């Protein structure tokens, strides 16, 4: 997430109560997760094993729980609990604004777009032209929708990321990360009924141009889906996964987080994808593997009794 | 879909810009997919391999992309892109009518039926008597619901078929088929919360009398479900499949398109049904097979190490 | 379910048309299923094989279809169809009250709680303080929500149990049990978008303090979930199952009814849980078993061709 205007690092430090180490003239441009940061951004790190990745990332300002050497041109904000400090910044710079009506006055809706009854459109939403938003759809704040998009009834765009920090020592063990990313739906996308597309934690969840989603599809926070993909009903995709153009996922496929499915790959129904898939191939099974190899395996299983007959006397 | 009154074939030909070949006195009674056509209907075909099936179907008028011999008593409407011509006819004869209120004035609702708040009821919907429609349900235009039906909250009846034509040469690759079928819910059906029942492309999606659906069940376009079926939560059924009476599907079962599940069959939880299932049997697994045979297979798999012990020295 | 005030057994007997056998001075305190009854409650039994369990349960009053010996201090209500008599009592003592507005006047909502637009809140609902209820959520009558709870858009709390009695001899074969239990959401729970949490048949469905649910999760009637659990998207849990504290279920896991998952167990994505799971272990597969053992099995399957090479000449 980018701030509307850059914010002085000294103001940030004071706000979260951190010790500022390094360049105190820096201006922060936004707050972002490690895989989304660009120069000027604030990021945070609270595990020693990720210190190097964070310090060497594009982030200019790092909220950190130990005073370490500062890379040139960067600054640290040192305090005990970087996670909570980061959440505090999200609350300040992207505060939740309760709605006062079903379609926010701050929403911008393009020409020729039809909004059916009982739709909720939050603050700062932008919807392009010639869209059709069916009844009982919920569009959270800051969502961006292109032109010629169809959203079927009951679908939810922009709910919070499912992202918690475990605090084993507390009675309420999971501490909520506040999401400040958005959902971006590009032109010519169609989304079926009863889908849920979560916003990114700090970056955006993106559904690429011309992609078509059937009903009851779950897309986790920060997922990036390419162009002209086709997903059948009840598919689920976990956070931050990348799905390239022209990918086809059949019904009830589950896809793990933080992986990439290559261009034009096809995953057959009910498969579970645990890791990266190469482009252009067909996959099946849990875990998903080459579909032909997997189907051969199913045949081999049927031959175990035959093998047993041969060896039982040994 | 049937037209309200028959339409002269010459009017159809002029509207879509087709060359009329054959009997020019015909009156068209409706538009339908190949598996739903009845005499008088218009159908379309754009792949040479389906020409014969289409020409020999009950359809009287065939929109086609090649001038071929016309069967007696029929007519062809010849043009380059039958798919787009068909969509154009759907748009004309079943145009989308944006709603002006949450419950359309053209909806007919029977005596004793309770409509809870925040329900959307579209144009030309018919709901019988003594039904209970819970909050936030969406009922698209032209849906028909019988008597004594219960629909739980958040369920969506009549969203569009997930049906696209691939146009590999275009930047936006998938071309949307417009659906003009309906959803028909017969008497004494109960549908759980968060379900999605899509309308048929040209025919109807039907849920038979006394059938009970748990929550979050997806029923694809044109599916026909018999009487007294029982489906547990999160079942998904792809387009045009036929499920006969008394079928039981347990939780998270996935059923492929264009197949038939015979009367009284039972499919155990999480199974995936790739093809027809015989009546009266119990099935399990992906792909779903006889449940007892499948469970034996699972036991055989556990014995592979024992087999290996016998043969490793060979 | 407990009655607001105790009801004389003679009044109950007259209302359902039963023969009263045993102590006719008893006062009934509520109606409950066999696994939920406490002294004073009415329960019912209609299968001979469950007679003993019912008569020896904590229930004080048993609706039964045969005149049997009455345990001391109890009473029987004898009639032909205990199921229908029980349903009749539910209808009388917890009648469905159609809503007259989107947020019932009888709902109690705590300080600092934000209710977004298009939410339905039924009769006798209680919501604590500092909650955030997102748009298009449906909260059925009698639901109880604690403090600091977040419910995302489109979620449905308190739909009816999926519970029917089969009447093979009738045209409409499944006879609906009316649910009179509640949904209880404890403090600090977050529930994602598009979830469905059913009410209990007579007891309560409970989600324990600090538990976090991702999107599109189905929780069946009477399920009891402990504290600080974490369930990923598209998980489904069937009726009356008990899930202890700190359990983690990954995406698309399915859990059968009437079982217990022990404290701290982890079930990997897409697994199917058919029976009890021990505490503290990691499970995988359908049926879910020890994850490491299951993964070894998958490797053994890949070695079948190697085994075949060794034995094919035998």
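Chains as they are written, first to last, in the UniProt record's numbering: chain A, 1 to 314; chain B, 1 to 314; chain C, 1 to 314.
Just so you know, even glycine gets a beta-carbon here, dropped at the ideal spot from N, CA and C.
Bear in mind that the values here come from a model prediction, so they are computed numbers and not experimental data.
Keeping to the same chain, check which residues put their C-beta closer than 6 Å to that of residue 244 (chain B); ignore five residues upstream and five downstream.
Here residue 244 (chain B) refers to the residue found at position 244 when the second chain is read from its first residue. If we look at residue 244 (chain B) and ignore the five residues flanking it on each side, its Cβ neighbours are 226, 262, 263.
Measure from the alpha carbon of residue 286 (chain B) to the alpha carbon of each residue in B:255, B:160, B:196, then state which is nearest.
Start at 1 with the first residue of the second chain, and residue 286 (chain B) comes out as number 286. The shortest Cα separation from residue 286 (chain B) among B:255, B:160, B:196 belongs to B:255.
Between A:277, A:112, A:29, A:266, which has its C-alpha nearest residue 392 (chain A)'s C-alpha?
Residue 392 (chain A) is absent from the model: chain A starts at 1 and stops at 314.
Output, in chain order, the set of chain A residues within a Cβ distance shorter than 7 Å of residue 154 (chain B).
On the second chain, residue 154 (chain B) is found 154 positions in, with the first residue counted as 1. Correct list: 154.
Please list, in chain order, the residues of the region 179 to 197 of chain C that have any C-beta partner in chain B closer than 7 Å.
Residues passing the 7 Å Cβ filter: 194, 196.
Measure the Cβ-Cβ separation of residue 8 (chain B) and residue 61 (chain B) and say whether it is below 8 Å.
Indexing the second chain from 1 puts residue 8 (chain B) at position 8. Indexing the second chain from 1 puts residue 61 (chain B) at position 61. In this structure, residue 61 (chain B) does not lie closer than 8 Å to residue 8 (chain B) by Cβ.
Can you tell me whether DSSP reads residue 60 (chain B) as helix, strand or coil?
Mapped onto the second chain, residue 60 (chain B) falls at position 60. It is coil, neither helix nor strand.
Give the DSSP-derived three-state secondary structure of residue 283 (chain B) in the structure shown.
Stepping through the second chain from its first residue, residue 283 (chain B) is reached at position 283. Residue state, collapsed to three classes: strand.
Under the three-state DSSP convention, the category residue 205 (chain C) falls into
Walking along the third chain from the start, residue 205 (chain C) turns up at place 205. Correct three-state label for residue 205 (chain C): strand.
Taking C-alpha atoms, which residue in A:157, A:257, A:95, A:258 lies nearest to residue 121 (chain A)?
By one-based count along the first chain, residue 121 (chain A) stands at place 121. The shortest Cα separation from residue 121 (chain A) among A:157, A:257, A:95, A:258 belongs to A:157.
Need the endpoints of the beta strand (DSSP E) that residue 303 (chain B) sits in, please.
Position 303 of the second chain, counting from 1, holds the residue named residue 303 (chain B). No beta strand (DSSP E) contains residue 303 (chain B), which DSSP labels as neither H nor E.
Between the region 11 to 28 of chain B and the region 292 to 310 of chain A, can you find at least three pairs of beta-carbon atoms closer than 8 Å?
no
With distance defined between alpha-carbon atoms, name the residue in B:95, B:124, B:65 nearest to residue 105 (chain B).
Within the second chain, residue 105 (chain B) is the residue found at index 105, counting from 1. Of the candidates B:95, B:124, B:65, the one whose C-alpha sits nearest the C-alpha of residue 105 (chain B) is B:124.
CB contact check: residue 328 (chain C) to chain A, cutoff 8 Å
Since the displayed chain C opens at 1 and closes at 314, residue 328 (chain C) lies outside it and no answer follows.
Within 8 Å of any Cβ in chain B, is that where the Cβ of residue 222 (chain C) sits?
One-based indexing of the third chain puts residue 222 (chain C) at position 222. No, no contact with chain B.
Could you give the residue range of the beta strand (DSSP E) that holds residue 174 (chain A)?
Position 174 of the first chain, counting from 1, holds the residue named residue 174 (chain A). Unbroken beta strand (DSSP E) run through residue 174 (chain A): 174 to 176.
Applying a beta-carbon distance threshold of less than 8 Å, which residues of chain C neighbour residue 272 (chain A)?
Taking the first chain and counting its residues from 1, the one referred to as residue 272 (chain A) is at position 272. Those are 252, 269, 270, listed as they occur along chain C.
Within a Cβ cutoff of 8 Å, which residues of the same chain sit near residue 6 (chain C), ignoring the five residues on either side of it in sequence?
In the third chain, counting from the first residue as 1, residue 6 (chain C) sits at position 6. Answer for residue 6 (chain C): 27, 28, 29, 40, listed in chain order.
Going along the chain, which residues of the region 256 to 268 of chain C sit with their C-beta nearer than 8 Å to a C-beta in chain A?
none
Could you work out which residues of chain A lie near residue 287 (chain C), taking near to mean beta carbons separated by less than 8 Å?
Residue 287 (chain C) sits at position 287 when you count from the first residue of the third chain. Within 8 Å Cβ-Cβ: nothing; residue 287 (chain C) doesn't reach chain A, min ~13 Å.
Cα-Cα separation between residue 132 (chain C) and residue 290 (chain C), rounded to whole angstroms:
Taking the first residue of the third chain as position 1, residue 132 (chain C) is located at position 132. Taking the first residue of the third chain as position 1, residue 290 (chain C) is located at position 290. Using only the alpha carbons, I get a separation of about 38 Å.
Nearest candidate by alpha-carbon position, reference residue 75 (chain A), set A:205, A:63, A:83
Translated into the one-based positions of the first chain, residue 75 (chain A) becomes position 75. Looking at the Cα atoms, A:63 is the closest of the given residues.
Same chain, Cβ closer than 6 Å to residue 282 (chain A), five either side skipped, listed in chain order
Taking the first residue of the first chain as position 1, residue 282 (chain A) is located at position 282. So the list reads 266, 291, once near-sequence residues are dropped.
Within this structure, are the beta carbons of residue 240 (chain C) and residue 219 (chain C) separated by less than 8 Å?
In the third chain, residue 240 (chain C) corresponds to position 240, counting from 1. In the third chain, residue 219 (chain C) corresponds to position 219, counting from 1. Contact flag unset, no.
Using a Cβ cut-off of 7 Å, pull out every chain C residue sitting near residue 300 (chain B), in sequence order please.
Mapped onto the second chain, residue 300 (chain B) falls at position 300. What residue 300 (chain B) touches in chain C: nothing, since even the nearest Cβ is about 10 Å away.
Can you list, in chain order, the residues of its chain whose CB lies under 8 Å from that of residue 174 (chain C), leaving out five sequence neighbours each side?
Counting from 1 along the third chain, the entry for residue 174 (chain C) is found at position 174. So the list reads 164, 165, 166, 167, once near-sequence residues are dropped.
The region 88 to 104 of chain B: positions lying closer than 8 Å to chain A by Cβ:
Listed by position, the residues of the region 88 to 104 of chain B near chain A (Cβ gap below 8 Å) are 96, 98, 99, 101, 102.
Report yes or no: is there a C-beta of chain C within less than 8 Å of the C-beta of residue 307 (chain B)?
What you label residue 307 (chain B) is simply residue 307 of the second chain in a count that begins at 1. Yes, residue 307 (chain B) lies at the interface with chain C (some Cβ there is under 8 Å from its Cβ).
Simplified DSSP state of residue 9 (chain A), which is helix, strand or coil:
Locating residue 9 (chain A) in the first chain gives position 9, counting from the first residue. Assignment of residue 9 (chain A) by DSSP, reduced to helix, strand and coil, places it in the helix class.
In chain B, which residues lie less than 8 Å from residue 147 (chain A) when you measure between Cβ atoms?
Stepping through the first chain from its first residue, residue 147 (chain A) is reached at position 147. Ordered by position in chain B, no residue passes the 8 Å Cβ test against residue 147 (chain A), which lies about 11 Å from the chain.
For residue 87 (chain C), which three-state DSSP category applies?
By 1-based counting over the third chain, the position of residue 87 (chain C) is 87. If DSSP states are grouped into helix, strand and coil, residue 87 (chain C) belongs with the helices.
Helix, strand or coil for residue 359 (chain A)? Go by DSSP, reduced to three states.
It is not possible to answer for residue 359 (chain A), since the shown part of chain A is limited to 1 through 314.
Contacting residues, own chain, Cβ-Cβ under 8 Å from residue 147 (chain C) (five flanking each side not counted):
By 1-based counting over the third chain, the position of residue 147 (chain C) is 147. So the qualifying residues of the chain are 110, 128, 129, 130, 131, 187, 188.
Limits of the unbroken beta strand (DSSP E) element including residue 214 (chain A):
For this step, residue 214 (chain A) is matched to residue 214 along the first chain. The continuous stretches of beta strand (DSSP E) do not include residue 214 (chain A), and DSSP gives it neither H nor E.
Look up residue 16 (chain B) in the DSSP assignment and say whether it is helix, strand or coil.
One-based indexing of the second chain puts residue 16 (chain B) at position 16. Helix.
Please decide whether residue 164 (chain A) counts as near chain C, where near means a Cβ-Cβ distance under 8 Å.
Within the first chain, numbered from 1, the residue matching residue 164 (chain A) stands at position 164. So yes, residue 164 (chain A) belongs to the interface.
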